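The listed protein sequences correspond, in order, to chains A and B. The opening position of the first sequence corresponds to residue 2 in the working numbering, with each subsequent residue numbered one higher. The opening position of the second sequence corresponds to residue -2 in the working numbering, with each subsequent residue numbered one higher. For glycine and all other residues, C-beta sits at the position ideal for the given N, C-alpha and C. No experiment lies behind these values; they were computed from the predicted model shown. Here is the structure we will look at.
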Amino acid sequence: QKEVEQNSGPLSVPEGAIASLNCTYSDRGSQSFFWYRQYSGKSPELIMSIYSNGDKEDGRFTAQLNKASQYVSLLIRDSQPSDSATYLCAGPRESNTGKLIFGQGTTLQVKP
Amino acid sequence: KAGVTQTPRYLIKTRGQQVTLSCSPISGHRSVSWYQQTPGQGLQFLFEYFSETQRNKGNFPGRFSGRQFSNSRSEMNVSTLELGDSALYLCASSSSGLSYNEQFFGPGTRLTVL
């Protein structure tokens, strides 16, 4: 069974700090990972995708993939109260299908 | 480009009834996946359709079924509703459903079974 695991939190950080969210996966053959943000009562919103080892930066967000250690992380710099949400890690996708496997999500609270 | 749309947004049904949910993917996207989200189980994969064919199915009973039309719009049906079917049902579209394609979610349909 392919699994994606996240710490459910809540992770609490002060405004302006760096929030670090982590995700581990069991399938060594995984190639693609996605981070979604979900506000309470809303649907998941794609914020980052990463396919190769290393870092990928987009604004205040940095996704990191380490295939040797089988973990994916998301860093949020200069955290804002509006970043308070649940962050879902998704992957690995099975080859040639649309099946995304989601972690349980980490709840982030950014305190003013 | 318009996003993924789902109708209806809210539904209230009673046990034993059936329900049909609709999803229109982003224009040009041919893959539609359906997920169930509950507080206890998180996001669970239901099935995926690509070019009118079901390509993958999750571990849900046969009461859950779906289909996709030639214009890529998809419907999901749940028959003989149970209380435990109360959930947020999400559909997501991607261009081809391959491993590197990003999936984009619709707003969801919140189903309440009384």
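Beta-carbon spacing of residue i, residue j below 9 Å
{"i": "V75 (chain B)", "j": "L18 (chain B)", "result": "yes"}
{"i": "S107 (chain A)", "j": "L12 (chain A)", "result": "The question names Ser, but residue 107 (chain A) in the sequence shown is Thr. Cβ distance < 9 Å, so T107 (chain A) and L12 (chain A) count as in contact."}
{"i": "A84 (chain A)", "j": "I19 (chain A)", "result": "The sequence given here has Asp at residue 84 (chain A), not Ala. No, the pair does not count as a contact, with Cβ atoms beyond the cut-off."}
{"i": "I51 (chain A)", "j": "Q39 (chain A)", "result": "no"}
{"i": "L108 (chain B)", "j": "L85 (chain B)", "result": "yes"}
{"i": "G105 (chain B)", "j": "R6 (chain B)", "result": "yes"}
{"i": "P22 (chain B)", "j": "R70 (chain B)", "result": "yes"}
{"i": "F47 (chain B)", "j": "R27 (chain B)", "result": "yes"}
{"i": "L78 (chain B)", "j": "V16 (chain B)", "result": "yes"}
{"i": "G103 (chain B)", "j": "S44 (chain A)", "result": "yes"}
Among the options, nearest to residue i - alpha-carbon criterion
{"i": "G30 (chain A)", "options": "A:P15, A:S70, A:D79, A:Q81", "result": "A:S70"}
{"i": "Q7 (chain A)", "options": "A:F62, A:A91, A:V111", "result": "A:A91"}
{"i": "P82 (chain A)", "options": "A:K43, A:L109, A:Q32", "result": "A:L109"}
{"i": "S30 (chain B)", "options": "B:E49, B:L108, B:C88, B:S92", "result": "B:C88"}
{"i": "S21 (chain A)", "options": "A:L101, A:Y72, A:P45, A:P113", "result": "A:Y72"}
{"i": "Q51 (chain B)", "options": "B:K10, B:E72, B:Q100, B:I9", "result": "B:E72"}
{"i": "G37 (chain B)", "options": "A:E4, A:K112, A:G104, A:N67", "result": "A:G104"}
{"i": "G60 (chain A)", "options": "A:I77, A:S27, A:N67", "result": "A:I77"}
{"i": "E49 (chain B)", "options": "B:R64, B:T35, B:F42", "result": "B:R64"}
{"i": "G10 (chain A)", "options": "A:Q32, A:L89, A:T63", "result": "A:L89"}
{"i": "N67 (chain A)", "options": "A:S41, A:Y37, A:Q32", "result": "A:Q32"}
{"i": "E99 (chain B)", "options": "A:E16, A:F35, A:V111, A:A86", "result": "A:F35"}
{"i": "C20 (chain B)", "options": "B:G0, B:N53, B:G55", "result": "B:G0"}
{"i": "N23 (chain A)", "options": "A:L101, A:V111, A:K112, A:T63", "result": "A:T63"}
{"i": "D82 (chain B)", "options": "B:Q33, B:N53, B:Q3, B:T2", "result": "B:Q33"}
{"i": "A86 (chain A)", "options": "A:G17, A:V111, A:E58", "result": "A:V111"}
Partner residues on chain B for residue i, Cβ-Cβ distance less than 8 Å
{"i": "Y52 (chain A)", "result": "Y97"}
{"i": "S44 (chain A)", "result": "L85, L87, F102, G103, P104, G105"}
{"i": "L75 (chain A)", "result": "In chain order: nothing, as chain B lies at least about 15 Å away."}
Cross-chain neighbours of residue i in chain B, by beta carbon under 7 Å
{"i": "L22 (chain A)", "result": "Within 7 Å Cβ-Cβ: nothing; L22 (chain A) doesn't reach chain B, min ~16 Å."}
{"i": "G106 (chain A)", "result": "G39"}
{"i": "F103 (chain A)", "result": "G39, L40"}
{"i": "F62 (chain A)", "result": "Residues of chain B passing the Cβ test: none, with the nearest at roughly 15 Å."}
Proximal chain B residues relative to residue i, where beta-carbon distance stays under 9 Å
{"i": "L89 (chain A)", "result": "G39, L40"}
Partner residues on chain A for residue i, Cβ-Cβ distance less than 7 Å
{"i": "G0 (chain B)", "result": "Going along chain A, no residue has its Cβ under 7 Å from G0 (chain B), so there is no contact; the nearest lies around 10 Å."}
Whole-number beta carbon distance between residue j and residue i, since they are thought to touch under 8 Å
{"i": "Y26 (chain A)", "j": "V5 (chain A)", "result": "5 Å"}
{"i": "G25 (chain B)", "j": "F42 (chain B)", "result": "Going by Cβ atoms, the distance from G25 (chain B) to F42 (chain B) rounds to 23 Å, so no, they are not a contact pair."}
- prompt: Which residues, taken in chain order from the region 79 to 103 of chain B, show a beta carbon closer than 7 Å to some beta carbon of chain A?
  reply: L87, S91, G94, L95, S96, Y97, E99, Q100, F101, F102, G103
message: Which residues of the region 53 to 65 of chain B have a Cβ closer than 7 Å to any Cβ of chain A? Give them in chain order.
response: Listed by position along the chain: N53.
The region 11 to 40 of chain B: positions lying closer than 7 Å to chain A by Cβ: S28, S30, G39, L40
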